[in-house]
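In the numbering used here, the protein residues as written are 21 to 441.
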């Protein structure tokens with residue numbers, strides 16, 4: 021058996037095409053298993069990555085995992101573009117203020133609770149606590165969007181999830197930039213305005229680039245274009261903007277979200293988004309399998325009780341923040357009570373911010389920061405889809421769930437029959 025695995029390992033790692041085929045095959049097979057267990061597909065994809073990755077069967081080496089980082093960048097660009105469609109101005113005019121307040125509350129709720137617990141209970145350094153708290157703001161929309169698509173969920177609750185998770189990364193980036201300025205000032209003894217202003221200006225430039233890109237996309241994609249030409253042109257624009265942002269060290273998520281948002285508002289056309297829905301499943305499967313492969317099971321020991329604490333207190337912070345935001349804005353009960361359950365996943369942006377934060381901290385704290393974020397991100401991606409499914413069910417956003425709930429309410433239990441002795 022060992023000789024077979026070694027031979028398979030050598031054959032696969034010598035051929036990139038076979039590696040891609042293995043990732044897709046493992047993801048597909050595990051998604052079938054997760055379906056039988058009534059779990060979201062995303063959970064199966066992540067388990068597939070862990071199974072074939074460096075930590076278990078080692079069919080894919082650590083070096084090969086690093087080579088697939090480009091898949092992550094491409095997938096996140098498409099995910100962000102799709103999330104942008106939900107920034108329709110008609111919808112935002114009706115609940116835009118509510119969405120912004122809830123997003124700020126849930127993001128800062130996680131940041132504040134994580135920072136306080138790490139500093140006052142675990143007695144870790146203030147710079148480490150601030151950066152970990154800021155990274156805790158981020159919510160990854162990918163697995164939640166996949167879960168929503170899988171169960172064909174829709175309604176006000178779903179719209180709020182998608183808008184909050186889309187805006188959440190912008191709040192996380194701004195919060196991290198502010199904390200980074202504080203940490204650098206603590207090291208040097210002086211505050212530098214450029215440390216705060218430069219990231220803000222770069223992110224504003226990314227927003228502007230996305231808006232311009234959306235207008236350009238609207239102009240070049242006309243009704244006369246064939247579906248093939250429409251798909252090719254849209255992929256060109258999405259990848260170009262993502263590449264530009266990566267080159268200037270700005271998260272492409274914000275830019276691609278603005279690209280999708282500006283396109284839907286300029287064109288009022290959903291056809292392109294529907295086409296991309298049919299184009300992206302293999303890319304998203306590769307992305308989630310790759311995310312699972314990044315988890316080094318031995319690194320969980322290094323994170324220890326601190327990593328476990330971060331895993332739970334961030335969830336608590338997200339839930340409390342979204343609950344208070346819902347109460348403050350008098351949101352629907354379903355949004356107030358269940359939105360926090362859909363905000364658990366964390367990957368992509370958080371991993372990038374952890375790499376940046378590692379440079380600002382002493383080696384031992386920098387390693388601890390990245391270990392906590394990498395390990396917890398994969399665990400969040402495994403737990404998150406199930407919690408998102410639960411929130412969709414409780415809010416009656418899944419077709420048939422409300423009908424099922426009404427049936428349970430209308431069941432009349434038979435009167436108990438006296439027991440005859």
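Even glycine gets a Cβ: it sits at the ideal position worked out from N, Cα and C.
In the three-state scheme derived from DSSP, where H, G and I count as helix and E and B as strand, residue 122 is classed as helix. Rounded to whole angstroms, the separation of the alpha carbons of residue 99 and residue 236 is 20 Å. Residue 241 and residue 331 have their C-alpha atoms some 44 Å from each other. Counting the other Cβ atoms within 10 Å of the Cβ of residue 269 gives fewer than 16, which makes it exposed. By the criterion of a C-beta distance shorter than 7 Å, residue 226 is surrounded in its chain by 265, 270, 274, 275, once the five residues flanking it on both sides are discounted. In this structure the stretch 63-75 lies against the stretch 37-53, because at least three pairs of beta carbons, one per stretch, are closer than 8 Å.
When rounded, the separation of the alpha-carbon atoms in residue 287 and residue 315 is 41 Å.
The alpha helix (DSSP H) runs of length 4 or more contained entirely in the stretch 32-116 are, from start to end of the chain, 36-56, 61-72, 82-87, 89-104.
Taking 8 Å as the cut-off, the beta carbon of residue 308 is found closer than this to the beta carbon of residue 62. Between the stretch 370-379 and the stretch 121-139 there are fewer than three C-beta pairs closer than 8 Å, too few to call the two in contact.
Ranking 128, 127, 126, 151 by CA distance to the CA of residue 138 puts 151 first.
In the structure shown, the three-state DSSP call for residue 186 is helix.
When rounded, the separation of the alpha-carbon atoms in residue 239 and residue 291 is 15 Å. Ranking 41, 165, 143, 186 by CA distance to the CA of residue 108 puts 186 first. Beyond the five residues adjoining it in sequence on each side, residue 326 comes within less than 8 Å, by CB distance, of 138, 142, 144, 388, 392 in the same chain, given in chain order. Annotated three-state conformation of residue 351 is coil, per DSSP. In this structure, residue 177 and residue 417 form a Cβ contact; the two beta carbons are roughly 5 Å apart against a cut-off of 8 Å. Counting of Cβ neighbours within 10 angstroms places residue 383 among the exposed residues, the total staying below 16.
For the 8 Å CB-CB criterion, residue 360 and residue 339 form a contact. By the CB criterion at 8 Å, residue 283 and residue 228 fall outside the cutoff. Ranked by Cα distance from residue 72, the options 333, 261, 386, 310 are led by 310. Counting the other Cβ atoms within 10 Å of the Cβ of residue 164 gives 16 or more, which makes it buried. The C-beta separation of residue 261 from residue 279 comes to about 6 Å, placing the pair in contact by the 8 Å criterion.
DSSP, reduced to helix, strand and coil, places residue 238 within a helical segment of the structure shown. Exposed is the label assigned to residue 218, since fewer than 16 other Cβ atoms lie within 10 Å of its Cβ. The stretch 255-320 is shown to contain whole alpha helix (DSSP H) runs of 4 or more residues at 272-287, 291-299, 301-313, in chain order. A residue is called buried once 16 or more other Cβ atoms fall within 10 Å of its Cβ, and residue 297, having fewer, is exposed.
Here the alpha carbons of residue 182 and residue 374 stand approximately 24 Å from one another. Between residue 272 and residue 97, the CB-CB gap stays under 8 Å. The alpha carbon of residue 79 has as its nearest neighbour, out of 105, 35, 301, the alpha carbon of 35. The three-state secondary structure of residue 170, taken from DSSP, is helix.
Look at residue 334 here: in three-state DSSP terms it is helix. Out of 222, 103, 344, the CA that lies nearest to the CA of residue 169 is found in 103. The C-beta distance from residue 197 to residue 220 rounds to 7 Å, short enough to meet the 8 Å contact threshold. Residue 410 and residue 56 have their C-alpha atoms spaced approximately 17 Å apart. Relative to the Cα of residue 120, the nearest Cα in the group 160, 349, 232 belongs to 349.
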